[in-house]
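Below: the structure, in structure tokens.
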Amino acid sequence: MKEKLLQEFFKIFGREAQAVYFAPGRVNLIGEHTDYNGGHVFPCALTIGTYAAAAKNVDNTLRFYSMNFEELGVITADLSSLKKEKAHDWANYPKGILKVMLGAGYPITSGMDIVYFGNIPNSSGLSSSASIEVLTGYVARELFGFDVNFVELAKIGQKAENEFIGVNCGIMDQFSIAMGKAGHAIFLDTANLSYEYAPIALKDAKIVIACSNKKRGLGDSKYNERRGECEAALAKLQTVLDLHSLGELSEEEFEKNRSIIGDPVKERRAKHAVYENQRTIKAVAALKANDIEQFGKLMIASHDSLRDDYEVTGIELDTLVSAALSQEGVIGSRMTGAGFGGCTVSIVKTEAVDAFIKNVGEIYKGKIGYAADFYVVDAGCGPYTL
Ligand code: GLA
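So for the sequence shown, our numbering puts the first residue at 19; every next one is plus one.
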């Protein structure tokens, strides 16, 4: 991979890159739409992700090129006037993070030329955008030699997404990418960013991702809408409870007070946030106790809640999950990421993986009309230099 990136850099920019860097994608095992509600998440970084070959240049210009979007050619931007531009498409992510870093005073003292290559499917819910953000922050840190720790890098990535891109996301994606650890998932409390690594000891099972190939499309605006609904529900609850976030509520406290929300839709959104947070805590306890079956049941309950109460699944993801659950050797299955398209994650007994991919693939294509893609994945580590 290193050679491929170095060659492409030379081809595009006619000079040598200084180095090649990598940042992973991520998959969330459980804890969906909890990160902006002060709840817990349980994602892991992947071994697939985004690569960049990069070098500083002597002017003030950023030059970005993606091997995944060759048709867009080299995208240039002036370091001192970075703003979101529709025509810049994917390059708004690196622009965003560099703008936030400059605003925070990090000494990015010249332009850079960067060639990217990603092997995460785009718009799939595996965080290709957060991967590019964290990677670009890491590239800047390495090229200019300043100090920024990985938690800070995650926060900067989230800020870029919120303020530059305009998606009001939580911290999960950038955090799990920056802080990934091979063989482990991260049990993160988004209320205070305390975290713990938990080994993914699945014994005779694998993590299988199914990509629906339905692009997120309107997802970003729906995402912000869900977040707004949760905030409105919280504001109602705060009229009677001393509460900072929905993540502070137990199921019992929620049931006792839910009628205060006074709107059936917002009540269901809040219910998901509260129950999903509790499910995540229970799921990590189950994994630690080696009770994979219980972990799987909680994954299934998570999907049901995302479909019925949070309403972020859709026919494609529901088809993938119901097809998965009709197969032999499937321990659990659910949508992962923001929803509205993207991927599912399933835990499948190793000996059943081939049949799973074949059968779920056939059912999906038969019902939806186009194919899904499957990836058997491992938990990988955070950013590094190759
Ligand atoms: C997207 C966001 C995350 C998180 C998930 C849903 O991936 O970027 O912050 O909210 O959706 O769990």
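Glycine included, C-beta positions come from ideal geometry on N, C-alpha and C.
Leaving aside the five residues that flank F272 on each side, the residues in its chain whose CB is nearer than 6 Å to its CB run, in chain order, V292. Ranking E311, D336, G163 by CA distance to the CA of I365 puts E311 first. By the beta-carbon neighbour count (other beta carbons within 10 angstroms, threshold 16), M19 is exposed. Here A341 is buried: its Cβ has 16 or more other Cβ atoms, across all protein chains shown, within 10 Å. Closest option to A253, judged by alpha-carbon separation, among K284, N295, A228: K284.
For A301 against L316, the beta-carbon gap comes to about 4 Å, under 8 Å, which counts as contact. Taking the Cα positions, F392 is about 12 Å away from I138.
Counting along the chain, G67 sits inside the beta strand (DSSP E) bounded by residues 58-74. Along the length of the stretch 193-245, whole beta strand (DSSP E) runs at least 3 residues long occupy 202-207, 212-217, 223-229, reported in chain order. Residues K113, L116, K117 of the same chain have their beta carbon placed closer than 7 Å to that of L100, with the five preceding and five following residues left out of the count.
Residue nearest to F135 within the set E34, A41, E269, D396 is A41 (criterion: CA-CA distance). Contact check for K289 against R297 fails: the beta carbons are separated by 8 Å or more. Taking I318 as the centre and dropping the five residues before and after it, the same chain places the C-beta of G350 closer than 6 Å to its C-beta, in chain order. Under a 10 Å Cβ-count criterion, R33 is classified as exposed, with fewer than 16 other Cβ atoms of the shown protein chains found around its own Cβ. The distance from the Cβ of G379 to that of A390 is about 6 Å, consistent with a contact at the 8 Å cut-off. Sorted by chain position, residues whose beta-carbon lies closer than 5 Å to a non-hydrogen atom of ligand 1 are E50, H51, D53, C187, G188, M190, D191, G355, A356. Around the C-beta of P401, 16 or more other C-beta atoms lie within 10 Å, and the residue is accordingly described as buried. Spatial neighbours of L305 in its own chain (CB-CB distance under 7 Å, excluding positions within 5 residues in sequence) are listed in chain order as A216, F313. Annotation for G384: the continuous alpha helix (DSSP H) segment containing it runs 371-386. Taken in chain order, the complete beta strand (DSSP E) segments of 3 residues or longer contained in the stretch 116-155 are 130-136.
Here G121 is exposed: its Cβ has fewer than 16 other Cβ atoms, across all protein chains shown, within 10 Å. Beta-bridge partners assigned by DSSP to V45: C62. Taking a C-beta distance under 8 Å as the contact criterion, G56 and T257 do not qualify as a contact pair.
In the three-state scheme derived from DSSP, where H, G and I count as helix and E and B as strand, C248 is classed as helix. For G357 against L335, the beta-carbon gap comes to about 7 Å, under 8 Å, which counts as contact. Note on geometry: alpha-carbon atoms of A250 and G129 lie some 43 Å from one another. Contact check for S263 against I48 fails: the beta carbons are separated by 8 Å or more. Exclusion of the five residues before and after A71 leaves L23, L24, F27, A35, V38, V133 as the residues of its chain whose Cβ lies within less than 6 Å of its Cβ.
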